[in-house]
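Undergrad: Take a look at the following structure, please.
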Amino acid sequence: METKKNTLPVDAIIKMIVFILIMPFITILISWKWDWWEAWAYGILSVVGFVVSRRLAVQRNPDILQERASYGKQEDTQPWDKILSPLVALGGIFILIVAGLDMLFAWPPSFSLPVKVIALLIILAGYSLGAWALVENRYFSGVVRLQSDRGHSVVSSGPYRLVRHPGYAGTVITYLAIPFLLDSVWALIPAVSLVGLLFWRTALEDRFLQENLAGYKDFTKKTRFCLIPGIW
77 METKKNTLPV
87 DAIIKMIVFI
97 LIMPFITILI
107 SWKWDWWEAW
117 AYGILSVVGF
127 VVSRRLAVQR
137 NPDILQERAS
147 YGKQEDTQPW
157 DKILSPLVAL
167 GGIFILIVAG
177 LDMLFAWPPS
187 FSLPVKVIAL
197 LIILAGYSLG
207 AWALVENRYF
217 SGVVRLQSDR
227 GHSVVSSGPY
237 RLVRHPGYAG
247 TVITYLAIPF
257 LLDSVWALIP
267 AVSLVGLLFW
277 RTALEDRFLQ
287 ENLAGYKDFT
297 KKTRFCLIPG
307 IW
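For the sequence shown, the residue numbers in the numbering used here are 77 to 308.
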């Protein structure tokens, strides 16, 4: 009997390589400051976090990469998410671009070393929360859709006991911490804008799931908060 292999299309592999190896270090490429330890710390953490999280996710859910590699090709993607998803997914690059320009032109003000260290730890926590959600949830798709083809059901274990959208929660705290690590007050402008988009997307996705995914309304009674425990 032949076993079906989960292979990724070439275009998905190329996009993944660009996303992993180039995007995290774009700050250095823009500023051309090769001794910028904060940028190296962020880039290395991003690369290691991406590789480790995907490795763990595939071990638990072998088809998860195939689902995420089909990004933008799923016909049942919600219309509003065809706009919001790429904005949120690729919007982080604007934080890095502004931070790179900030370093290049030395725009004031700057942050102290303790603030940068705390920001690095927060980014690590954000990545860890997102990775935990990815590993725990086999339906962790890049777009909002009802995955009937994959037997979509409610996931209420792991970080989903804390908030209903832990992946987004991890992204929120990561986006807000990056400007502080990279010493860029100006990068807070795209960061805060993206966080606003994330809250909007979370609200839309949560409403969609309540209306379409069996058992999700009951899940909302057990895990009451969408993103921030005790608040929302």
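All C-beta atoms in this analysis are idealised placements derived from N, C-alpha and C, irrespective of residue type, glycine included.
Thinking just about the alpha-carbon of each residue, which of 226, 107 and 205 is nearest to the one in residue 172?
TA: Here the question's residue 172 lines up with position 96 in the sequence shown. Ranking 226, 107 and 205 by Cα distance to residue 172 puts 107 first.
Undergrad: For residue 226 versus residue 152, is the C-beta distance shorter than 8 Å?
TA: Numbered from its first residue, the sequence shown carries residue 226 at position 150. Numbered from its first residue, the sequence shown carries residue 152 at position 76. No, the Cβ-Cβ distance between residue 226 and residue 152 is not below 8 Å.
Undergrad: Using the rule of at least 16 other Cβ atoms within 10 Å of the residue's Cβ for burial, across every protein chain shown, is residue 256 buried or exposed?
TA: Stepping through the sequence shown from its first residue, residue 256 is reached at position 180. When all chains shown are included, residue 256 counts as buried.
Undergrad: By DSSP, does residue 238 sit in helix, in strand, or in coil?
TA: What you label residue 238 is simply residue 162 of the sequence shown in a count that begins at 1. In the structure shown, residue 238 sits in coil (DSSP, three-state: anything other than H, G, I, E or B).
Undergrad: Three-state secondary structure (DSSP) at residue 79?
TA: Here residue 79 refers to the residue found at position 3 when the sequence shown is read from its first residue. Note on residue 79: pLDDT 42, under 50, position unreliable in the model; the coordinate value appears next. The answer is coil: DSSP assigns residue 79 none of H, G, I, E or B.
Undergrad: State the start and end residues of the unbroken alpha helix (DSSP H) segment that holds residue 288.
TA: As a first step, residue 288 must be located in the sequence shown, where it is residue number 212. Counting along the chain, the alpha helix (DSSP H) containing residue 288 begins and ends at 264-288.
Undergrad: Is the segment 292-305 touching the segment 236-243, taking contact as three or more C-beta pairs under 8 Å?
TA: yes
Undergrad: What is the residue span of the alpha helix (DSSP H) that residue 144 lies within?
TA: Here residue 144 is taken as the residue at index 68 of the sequence shown, counted from 1. Start and end: 140-145.
Undergrad: Taking only three categories from DSSP, how would you classify residue 109?
TA: Here residue 109 is taken as the residue at index 33 of the sequence shown, counted from 1. Three-state DSSP puts residue 109 in coil, outside helix and strand.
Undergrad: Using 10 angstroms around the beta-carbon of residue 112, count the other beta-carbons present and answer buried if the total reaches 16, otherwise exposed.
TA: Here residue 112 corresponds to residue number 36 of the sequence shown, with the count starting at 1. A residue is called buried once 16 or more other Cβ atoms fall within 10 Å of its Cβ, and residue 112 is buried on that count.
Undergrad: Helix, strand or coil for residue 182 per DSSP?
TA: Locating residue 182 in the sequence shown gives position 106, counting from the first residue. Correct three-state label for residue 182: coil.
Undergrad: Measure the CB-CB distance between residue 292 and residue 193 and report whether it falls below 8 Å.
TA: Mapped onto the sequence shown, residue 292 falls at position 216. Mapped onto the sequence shown, residue 193 falls at position 117. No, these two residues do not count as a Cβ contact at 8 Å.
Undergrad: For residue 292, does the three-state DSSP call read helix, strand or coil?
TA: Position 216 of the sequence shown, counted from the first residue, corresponds to residue 292. Residue 292: helix per DSSP, three-state reduction.
Undergrad: Under the assumption that residue 274 contacts residue 244 (Cβ atoms under 8 Å), give the Cβ distance between them as a whole number of angstroms.
TA: By 1-based counting over the sequence shown, the position of residue 274 is 198. By 1-based counting over the sequence shown, the position of residue 244 is 168. Taking the Cβ atoms as the reference, residue 274 lies roughly 5 Å from residue 244, within the contact range of under 8 Å.
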